[in-house]
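Each step along the sequence shown adds one to the number in full-length UniProt numbering, with nothing skipped, and position 79 is 79.
First comes the structure, then the notes that go with it.
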Amino acid sequence: MAQVWQPATLSRPQLEERRLFAEPSLREGTLSSAQLAELCGVGSSAVRKWRQRLRSQGSLEATVASGPLRRLTDADLAELIGLLQAGPDPDQYPDQRWTCPCIRAVIGLNFDVWYHVDHLSRLLHAWGFSRQQPVKWAAEQDQDAVAAWIDTRVPELERTIEAGETLAFLDEVGFSLKPTVARTWAPCG
């Protein structure tokens, strides 16, 4: 009898396919455990486990693992999303950004659930949040004043340059190791 299943490592669907292939032979009892093990490329102990599972569950189909229980209830989650959408408390977080450590502290202090900081990003994505970068211009900037300056001053400066004058632009510049653009967690959209 030739061995049907050759790969050394099989995916979950392939493992299930192999078990389902063996199920009719197990039900009918046409092959011994050793013969079925050789045909499927498994040990005889695996065939015995399949027989036991077939007797107890009635099928060799794959089962779905439910996973761990959620640590926050739906009501807790709704309250948390409301807290996050309201923005950080300026007294506690002066830079007005939601970072994973800040969100972890809010969840821990309000709901007594302490997630790992590295795991929070997956949860925040699932809850409809994303890391966002603030806009690069000042919120106080008056677009009309900028347009008026461009309309009035730029032609004057161009005439000055055409007249042979030297135009110099001076700006106060400072360098810092601390990045000026930071990201924050906010609702998508």
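Note that CB positions come from ideal geometry on N, CA and C, so glycine has one too.
No experiment lies behind these values; they were computed from the predicted model shown.
- When C-beta atoms of the segment 76-96 are compared with those of the segment 45-63, fewer than three pairs fall below 8 Å, so the two segments do not count as touching.
- Excluding the 5 residues flanking it on each side, Thr166 has no same chain C-beta neighbour closer than 6 Å.
- Around the beta carbon of Ile107, a 10 Å sphere encloses 16 or more other beta carbons of the protein chains shown; the residue is thus reported as buried.
- In the three-state reduction of the DSSP assignment, Ser11 falls in the coil class, being assigned neither a helical nor a strand state.
- Look at the beta carbons and you see the segment 55-69 touching the segment 16-33: at least three pairs across the two are nearer than 8 Å.
- For Val64, the closest alpha carbon among the candidates Thr73, Ser25, Leu109, Pro13 is that of Pro13.
- One thing to note: Trp185 has its Cβ no nearer than 8 Å to the Cβ of Ile81.
- Collapsing the DSSP output to three states places Gln35 in a helix.
- Phe169 sits exposed, since fewer than 16 C-beta atoms from the chains shown fall within 10 Å of its C-beta.
- When Gln132, Cys40, His116, Gly128 are compared, the shortest CA-CA separation from Arg183 is found for Gln132.
- Beta-carbon to beta-carbon, Tyr115 and Leu123 are separated by about 7 Å, close enough to satisfy the 8 Å threshold.
- For Arg131, the enclosing beta strand (DSSP E) has its first and last residue at 129-132.
- Secondary structure within the segment 39-121: the alpha helix (DSSP H) runs of 4 or more consecutive residues, fully enclosed, are 44-57, 74-86, 100-111 (chain order).
- The beta carbons of Cys100 and Val117 sit closer together than 8 Å.
- If you look at Thr160, you'll find it isn't in any beta strand (DSSP E); it sits in the alpha helix (DSSP H) that goes 143-162.
- Between Leu84 and Trp98, the gap from beta carbon to beta carbon is short of 8 Å.
- As computed with DSSP, Thr166 is found in no beta bridge at all.
- Nearest in C-alpha terms to Cys188, of all of Ile150, Val42, Gly128, Leu157, is Gly128.
- With a contact defined as Cβ atoms closer than 8 Å, Arg51 and Leu26 qualify at about 6 Å.
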